[in-house]
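Residue numbers (our numbering): 452 to 642.
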């Protein structure tokens with residue numbers, strides 16, 4: 452098994468689209484219709500489709516966020532709900548690297564009553580026998596490939612990080628993730 456990183460966005464979106472196909476989720480409805488707390492700080496006009504298309508303006512948590520906080524679904528969703536948009540929702544796109552799964556996933560949870568990983572197991576991976584999961588059960592960790600650090604020069608990477616815009620920092624580095632984080636039990640078990 453390998454860490455899914457951003458390829459988890461597709462299955463998360465699929466969960467939302469299944470709910471939409473069943474008439475339980477309106478992609479043109481405000482997110483706040485399903486998640487009232489999300490309307491805070493000028494996000495009342497954010498539509499579900501804005502979440503799905505990286506256009507919500509909530510590319511990351513607005514305050515410093517730790518890995519331990521990231522592993523707490525309810526806390527991370529509460530912090531995202533409290534975050535002001537980084538641009539006017541619906542007017543442009545920006546990659547929601549870390550926040551996407553929580554934003555779309557929380558709508559899935561509010562509509563279906565279960566976290567997206569459980570919804571995926573019940574509706575897709577379980578019935579189809581697909582070996583895919585959000586949150587790796589401890590009994591399966593022996594099957595997981597460990598990430599290794601490459602030995603390349605980090606000078607160019609450091610220079611790039613120093614020039615990153617605040618939106619990119621919030622999206623990609625709050626909290627900092629990478630090999631060290633991904634090899635921890637907390638990361639592997641997190642939804």
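Each residue gets a CB set at the ideal place from its N, CA and C atoms; glycine is no exception.
(1) Drop a sphere of 10 angstroms on the beta-carbon of residue 505, count the other beta-carbons inside from all chains shown, and report buried for 16 or more, exposed for fewer.
(2) By DSSP's criteria, residue 498 is part of a beta bridge. Which residues make up the other side?
(3) The alpha helix (DSSP H) with residue 551 in it runs from where to where?
(4) From the DSSP output, in three-state form, read off residue 600 for me.
(5) On the three-state DSSP scale, how would you describe residue 623?
(6) Could you have a look at residue 509 and say whether DSSP puts it in helix, strand or coil?
(7) Does the distance between the C-beta of residue 460 and the nearest non-hydrogen atom of the ligand SAH fall short of 7 angstroms?
(8) What would DSSP say about residue 633, mapped onto helix, strand or coil?
(9) Where does residue 547 fall in DSSP's three states?
(10) What is the DSSP secondary structure of residue 581, reduced to helix, strand or coil?
Reading from the atomic positions:
(1) buried
(2) 481
(3) 550-563
(4) coil
(5) helix
(6) coil
(7) No copy of the ligand SAH appears in this structure; indeed no ligand is present at all.
(8) helix
(9) coil
(10) coil
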